[in-house]
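Chemist:
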Amino acid sequence: RWQGAVETAREWLCLIKTEQRRYAEVEAAILALHPYDVPEILAVPVTAGHAPYLAWLNAAVTEED
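Quick note: the sequence shown uses my numbering, first residue 60, plus one each step.
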């Protein structure tokens with residue numbers, strides 16, 4: 060529901076992987092680009108995962124541009 064009506068808009072799920080310290084930057088970019096007034100933006104903590112993947116992810120998000 061949005062503004063009292065049931066919406067049927069087509070939506071896409073987008074997953075963005077980054078570190079917690081960069082959340083505000085990612086959120087600001089989404090808010091600037093997204094057409095919705097209230098886009099769904101969620102931060103989900105990683106409590107466990109495949110160690111080699113987590114190592115790769117950590118290296119990928121900490122690389123200098």
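Where is the CB? At the ideal position from N, CA and C, for every residue including glycine.
Just so you know, these numbers come straight off a predicted model, no measurement behind them.
When the Cα of I100 is compared with those of A118, G63, Y112 and A87, which residue comes out closest?
Modeler: It is A87 whose Cα lies nearest to the Cα of I100.
Chemist: According to DSSP, what are the bridge partners of W61?
Modeler: Bridge partners of W61: A64.
Chemist: For a test of the three-state rule: what should DSSP assign to Y95, helix, strand or coil?
Modeler: Note: Y95 maps to coil in three-state DSSP.
Chemist: Compare the beta carbon distance of Q79 and A107 with 9 Å and say whether it is the shorter of the two.
Modeler: No.
Chemist: Measure the C-alpha to C-alpha separation of A119 and L72 and round it to an integer number of angstroms.
Modeler: Cα to Cα, A119 sits roughly 22 Å from L72.
Chemist: DSSP on I75, reduced to helix/strand/coil?
Modeler: Of the three classes helix, strand and coil, the one that applies to I75 here is coil, per DSSP.
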